[in-house]
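Asks: Oh and the sequence shown: position 99 is 204 in my numbering, straight run, nothing missing.
The C-beta atom is built at its ideal place from N, Cα and C for all residues, glycine as well.
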Amino acid sequence: MRRPLFFNQLRLFCRKDDSPTICKEKRIDSGGEYALWKYILLSAFALLITIRAPQLVWPGRFWAEEGTLFFARCYLLPIPDFIFSIELGYYNLYPKLAALSAVYLVPMEYAACIMALWSLAGMLIPAWLLLFSARETRFLNIFTILSLLSILLIQPNQEVWLNTVNSQFYFCLATAIILITKPVNRMMLGIRLAVLATAGLTGVISCLLLPLFWLEVALTRDRDRLSEALVLSIVSGLQVASILIAGGRETTCYFTLLPWALLIKQWVLPYLGMEMADQLGNVIIQNRLWFHMTFTMLALIPYLLVTGILILSKKDRYACYLAAASLFIACISFCKSVEALPTGSILSHLSSLGGSRYYFVPNVLMAMALLRTSGIGEKQTWPGMQRVWHLFCVTLVSVSLLVGAANFFCHHKIQPFFSGPSWPEEVRRWRNNESDTLHIWPPPWKMHILKKTDTTILRPTE
106 MRRPLFFNQL RLFCRKDDSP TICKEKRIDS GGEYALWKYI LLSAFALLIT IRAPQLVWPG
166 RFWAEEGTLF FARCYLLPIP DFIFSIELGY YNLYPKLAAL SAVYLVPMEY AACIMALWSL
226 AGMLIPAWLL LFSARETRFL NIFTILSLLS ILLIQPNQEV WLNTVNSQFY FCLATAIILI
286 TKPVNRMMLG IRLAVLATAG LTGVISCLLL PLFWLEVALT RDRDRLSEAL VLSIVSGLQV
346 ASILIAGGRE TTCYFTLLPW ALLIKQWVLP YLGMEMADQL GNVIIQNRLW FHMTFTMLAL
406 IPYLLVTGIL ILSKKDRYAC YLAAASLFIA CISFCKSVEA LPTGSILSHL SSLGGSRYYF
466 VPNVLMAMAL LRTSGIGEKQ TWPGMQRVWH LFCVTLVSVS LLVGAANFFC HHKIQPFFSG
526 PSWPEEVRRW RNNESDTLHI WPPPWKMHIL KKTDTTILRP TE
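1. Exposed or buried, Gln263, counting other C-beta atoms within 10 Å across all chains shown (16 or more means buried)?
2. What residues in its chain sit with their C-beta under 6 Å from that of Val532, if we drop five residues either side in the sequence?
3. From Val340 to Met293, what does the alpha carbon distance come to, in whole angstroms?
4. Between the alpha carbons of Ile406 and Leu363, how many angstroms are there, rounded?
5. Classify Glu264 as helix, strand or coil using the three-state DSSP reduction.
6. Please name the residue, chosen from Met220, Val322, Arg297, Leu343, that lies closest to Val309 on a Cα-to-Cα basis.
7. In angstroms, rounded to a whole number, what distance separates the CA positions of Phe167 and Ile434?
8. Along the beta strand (DSSP E) that carries Lys551, what are the first and last residues, could you check?
9. Going by beta-carbon coordinates alone, are Leu79 and Ser442 separated by less than 8 Å?
10. Go ahead and pull the three-state DSSP assignment for Trp163.
11. Would you call the region 255-262 and the region 491-506 in contact, with 3 or more CB pairs under 8 Å?
12. What three-state label does DSSP hand Tyr376 in the structure shown?
13. Which value, in whole angstroms, describes the spacing of the CA atoms of Cys440 and Leu446?
14. Which residues bound the alpha helix (DSSP H) around Leu349?
15. Please report the straight-line C-alpha distance between Ala511 and Gln520, rounded to a whole angstrom.
16. Can you list, in chain order, the residues of its chain with a C-beta nearer than 8 Å to that of Leu587? Leave out the 5 residues immediately preceding and following it.
17. Hey, how far is the Cα of Gln160 from the Cα of Pro548?
18. So for Ala239, helix, strand or coil by DSSP?
19. Give the single residue among Leu410, Leu146, Ser431, Ala366 whose Cα lies nearest to the Cα of Leu452.
20. So, do the region 375-382 and the region 323-341 have three or more beta carbon pairs nearer to each other than 8 Å?
21. Can you tell me whether His397 is helix, strand or coil according to DSSP?
22. Starting from Leu543, trace the beta strand (DSSP E) in both directions and tell me its first and last residue.
23. Could you tell me the alpha carbon to alpha carbon distance between His397 and Glu355, rounded to whole angstroms?
24. If you draw a straight line from the alpha carbon of Leu417 to that of Gln491, how long is it in whole angstroms?
25. If you follow the alpha helix (DSSP H) that Gly413 is in, where does it begin and where does it stop?
26. Could you check what DSSP says for Tyr195 in three-state terms: helix, strand or coil?
27. Can you tell me which of the three DSSP states Pro548 falls into?
28. Can you give me the C-alpha to C-alpha distance between Val300 and Glu539, rounded to a whole angstrom?
29. Quick one: is Thr656 buried, meaning 16 or more other Cβ sit within 10 Å of its Cβ, or exposed?
30. Should Ala158 and Ile230 be called a contact, given that it needs their Cβ atoms to be closer than 8 Å?
31. DSSP on Pro526, reduced to helix/strand/coil?
32. Would you mind reading off the limits of the alpha helix (DSSP H) that contains Thr325?
33. Can Arg157 be considered in contact with the ligand PLP, in the sense that its beta carbon sits closer than 7 Å to one or more heavy atoms?
34. How would you call Arg178, buried or exposed, if buried means at least 16 neighbouring beta carbons within 10 angstroms?
35. Keeping to the same chain, check which residues put their C-beta closer than 8 Å to that of Leu225; ignore five residues upstream and five downstream.
36. Take Leu427 as the anchor and find which of Ala472, Cys436, Tyr408 has the nearest alpha-carbon.
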């Protein structure tokens with residue numbers, strides 16, 4: 106007797122790694138019960154991004170290289186030349202696409218708003234992937250909600266907020282989410298592959314996760330994982346080629362400073378706040394503690410603690426991936442940061458806001474690693490010391506979320522990131538021939554545009 110189609114579909118869905126409970130929740134989800142809440146969560150996520158600083162969306166702003174390199178060069182160069190040009194030593198696709206739409210689709214008065222909408226879309230991508238594309242989060246649980254809050258609140262996030270030049274960091278989060286989840290269906294697999302392709306061509310940081318993708322392929326021998334690893338490998342190869350063409354970035358290695366920068370940015374800032382981070386940074390600089398190896402080694406204790414937690418807990422390999430990616434990305438970012446250039450100021454990494462963009466992704470990944478280690482949202486009881494470790498992980502993440510929430514609207518502490526000249530007013534002066542210089546954020550950044558005949562890009566003057 107032939108089985109009904111329903112049972113065949115259920116059998117296909119219930120693979121060896123899926124429990125009947127998961128299958129049941131899949132059927133509930135397909136009825137739309139959870140989908141509505143997911144759309145509500147995504148809408149609330151977008152609303153909070155916007156209301157933190159509405160002036161970034163309207164009238165909008167250009168942030169540093171977003172204006173001087175991408176918008177100004179797009180205004181000057183032919184489209185093919187601009188698309189294939191390399192800025193900042195690596196290829197950055199997403200702000201190029203945003204700049205093309207801002208230059209050619211709308212009047213200049215609305216260009217900054219268009220860039221802000223592109224950056225908003227980039228910030229929503231990791232949240233959307235977490236809610237809609239992942240088999241593990243197809244039904245809502247506490248892990249999903251706390252992960253969304255981590256993306257929204259974890260410090261430091263001021264410099265990456267609503268600007269396309271730093272959208273690469275949100276694409277890296279999207280890449281990490283793809284790494285630790287599996288696609289719901291074939292259509293979602295295609296979307297995830299498109300996100301990986303865009304992420305690999307939007308900065309270098311997403312490419313740093315490539316070894317973990319191949320490790321996952323080796324462990325699971327899954328065809329979907331192989332497809333994801335191959336796509337990320339191809340675009341990573343293109344990114345490496347662009348770096349070689351551009352000549353790379355010659356930086357100085359400050360290995361003795363690295364543990365202190367990690368201590369300040371990954372542990373003091375997100376868990377104790379900006380004031381404590383600045384105070385400890387001043388103590389380190391005044392006493393030049395990086396010359397004392399004993400103290401420098403003590404700065405690495407938090408990482409030893411996390412390693413111990415991962416070993417003593419349930420040994421979730423995805424939690425290990427996230428923790429390893431957090432440390433690896435933070436180290437590479439410090440060593441290859443703009444501040445590590447001979448003309449840079451590497452000691453700024455020992456403050457709360459200096460080079461803060463480089464530590465946003467590592468801090469979010471560490472929070473997600475702790476959440477996975479805690480087993481929060483799982484219907485399982487943990488014996489003895491494991492319960493203590495899991496409670497400790499949840500407490501750490503909760504503290505970081507509270508600190509982030511307390512600083513979410515405190516613009517007076519971070520004024521350069523949320524205030525600057527009015528873009529419509531700058532365009533009005535430019536159109537009236539009052540000035541060929543358009544001032545952008547943060548001061549004193551500016552660009553010099555001569556009405557479609559010549560464009561000179563100006564760096565900020567000290």
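Replies: In this structure, then:
1. Per the 10 Å Cβ criterion, buried.
2. Non-local beta-carbon contacts of Val532 in its own chain, meaning distances under 6 Å to residues more than five positions away in sequence, involve Met213, Glu214 in chain order.
3. Spanning the alpha carbons of Val340 and Met293 requires a straight line of approximately 20 Å.
4. Straight-line Cα distance between these residues: approximately 14 Å.
5. Of the three classes helix, strand and coil, the one that applies to Glu264 here is coil, per DSSP.
6. Restricting attention to Met220, Val322, Arg297, Leu343, the CA atom closest to the CA of Val309 is found in Leu343.
7. Between Phe167 and Ile434, the C-alpha separation is close to 26 Å.
8. From DSSP, the beta strand (DSSP E) with Lys551 extends over 551-555.
9. With the chain represented from 106 up to 567, any question about residue 79 goes unanswered, as that position is not in the structure.
10. For Trp163, the three-state secondary structure derived from DSSP is coil.
11. Touching, yes, given that three or more Cβ pairs across the two stretches are closer than 8 Å.
12. Correct three-state label for Tyr376: helix.
13. For Cys440 and Leu446, the gap between their C-alpha atoms comes out near 9 Å.
14. Following the DSSP letters along the chain, one finds Leu349 inside the alpha helix (DSSP H) bounded by residues 328-351.
15. When only Cα atoms are considered, Ala511 and Gln520 end up about 16 Å apart.
16. No statement about residue 587 is possible, as the shown extent of the chain runs from 106 to 567 and does not include it.
17. Distance between the alpha carbons of Gln160 and Pro548 is about 16 Å.
18. Of the three classes helix, strand and coil, the one that applies to Ala239 here is strand, per DSSP.
19. Of Leu410, Leu146, Ser431, Ala366, the smallest CA-CA separation from Leu452 is found for Ala366.
20. Between the region 375-382 and the region 323-341 there are fewer than three C-beta pairs closer than 8 Å, too few to call the two in contact.
21. Reduced to three states, the DSSP call for His397 is coil.
22. In the DSSP assignment, Leu543 falls within the beta strand (DSSP E) that extends over 542-544.
23. Across the structure, His397 and Glu355 are spaced so that their CA atoms are roughly 27 Å apart.
24. Whole-angstrom Cα-Cα distance: 7 Å.
25. From DSSP, the alpha helix (DSSP H) with Gly413 extends over 406-417.
26. Taken through DSSP and simplified to helix, strand or coil, Tyr195 comes out as strand.
27. Reduced to three states, the DSSP call for Pro548 is coil.
28. Their Cα atoms are separated by approximately 43 Å.
29. Given that the chain is displayed from residue 106 to residue 567, the structure contains no residue 656 and the question cannot be resolved.
30. It is not a contact, given that the beta carbons lie outside the stated cut-off.
31. Coil, per DSSP.
32. That run of the alpha helix (DSSP H) goes 315-325.
33. In the structure shown, the ligand PLP is absent, as is every other ligand, since no ligand is present at all.
34. Answer is buried; the Cβ neighbour count reaches 16.
35. Cβ within range, chain order: Ala151, Ile154, Thr155, Val162, Leu267.
36. For the options Ala472, Cys436, Tyr408, the alpha carbon positioned closest to that of Leu427 is the one of Ala472.
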